[in-house]
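Structure first, then comments.
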Amino acid sequence: MHDRIQAFLADMCNWVDSFYLALKNTSQCTPEEAWHLVALCVKKVFEELPLPRAKVANAAGLVSLNAKLTAFL
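Below is the structure:
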């Protein structure tokens with residue numbers, strides 16, 4: 026899991042750099058506008074990450090094994 030997180034963060038940093046440079050070089054936006062758009066995209070990624078897991082956040086506390094399995098699936 027640690028390796029996958031490191032790879033995700035490295036890929037995100039590469040994407041941030043390349044997207045910012047692409048915006049700056051191919052559009053008429055200012056550097057501040059480009060960073061603002063990049064920041065909004067990164068913010069959205071981190072807002073969406075916990076959503077699939079939120080549904081099973083309390084599954085460990087369920088009494089029934091079937092209820093736990095159903096929540097995880």
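Under my numbering, the first residue of the sequence shown is numbered 26, with each subsequent residue one higher. For each residue, glycine too, the CB sits at the ideal point set by N, CA and C.
Is residue i close to the ligand GTP? I mean its beta-carbon at under 7 Å from any heavy atom of the ligand.
i, result
"Leu74", "Absent from the structure shown: the ligand GTP. Ligands present: none."
For the alpha helix (DSSP H) that residue i lies in, which residues bound it at each end?
i, result
"Thr55", "Thr55 -> no alpha helix (DSSP H), and no H or E assigned at all."
"Leu76", "Leu76 to Ala79"
Is residue i near residue j, with beta carbons less than 8 Å apart?
i, j, result
"Cys54", "Leu46", "no"
"Val168", "Val41", "A query on residue 168 cannot be resolved here, the shown segment of the chain reaching from 26 to 98 and no further."
"Ala96", "Leu87", "yes"
With DSSP run on the structure shown, which of helix, strand or coil describes residue i?
i, result
"Ala47", "helix"
"Asn39", "helix"
"Ala124", "Past the edges of the chain, shown from 26 to 98, lies residue 124, and the structure says nothing about it."
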